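First up is the structure itself, then whatever we jot down about it.
Residue numbers (the numbering used here): 314 to 443.
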């Protein structure tokens, strides 16, 4: 179907866009190995920038052609807690985002496996480390 099946990545992308809009999120963050998640988000032409975090330089290059997507090459992370820590570290050093800003994160579990986008997480940026 249009959303990639009943539990497909397209459904997750649409939900993430709607959540970001409803909560007035500052950005959508997509962890993506192939770029597919970021491209799905891009199709919705959101008001928020789409920040694609990928481990692949080739994916970063391909995403340069996608509407509204800024892509960053980042190290592989093993779990969702490490993803959130990486979002905090990378976005706060851009000086465009601040502590407390609302981000909507999409990713797959386990991380780094193409085609597994199944998570949407609302996150408030924090420079504090536990």
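For glycine and all other residues, C-beta sits at the position ideal for the given N, C-alpha and C. All figures in this text were calculated on a predicted structure; none of them were measured in a lab.
Reduced DSSP secondary structure (H/G/I, E/B, other) of residue i
i, result
"residue 353", "helix"
"residue 383", "strand"
"residue 323", "helix"
"residue 393", "helix"
"residue 365", "strand"
"residue 315", "With a pLDDT of 39 at residue 315, under the threshold of 50, the modelled position of this residue cannot be trusted; read the value that follows with caution. Reduced to three states, the DSSP call for residue 315 is coil."
Distance, residue j Cα to residue i Cα
i, j, result
"residue 316", "residue 349", "Residue placement at residue 316 is flagged as unreliable, the pLDDT there being 41, under the threshold of 50; the coordinate-derived value follows with that caveat. Distance between the alpha carbons of residue 316 and residue 349 is about 13 Å."
"residue 373", "residue 387", "10 Å"
"residue 358", "residue 327", "11 Å"
"residue 430", "residue 336", "21 Å"
Beta carbon of residue i nearer than 9 Å to that of residue j
i, j, result
"residue 397", "residue 338", "no"
"residue 390", "residue 365", "no"
Host alpha helix (DSSP H) of residue i (start-end)
i, result
"residue 373", "370 to 376"
Residue i - containing beta strand (DSSP E), residue span
i, result
"residue 426", "Where residue 426 is concerned, there is no enclosing beta strand (DSSP E), given that its DSSP letter is neither H nor E."
Buried or exposed by the 16-neighbour rule on C-beta atoms within 10 Å, applied to residue i
i, result
"residue 333", "buried"
Proximity test, Cβ basis, 9 Å: residue i and chain D
i, result
"residue 426", "Among the protein chains of the structure shown there is no chain D, as only one such chain exists."
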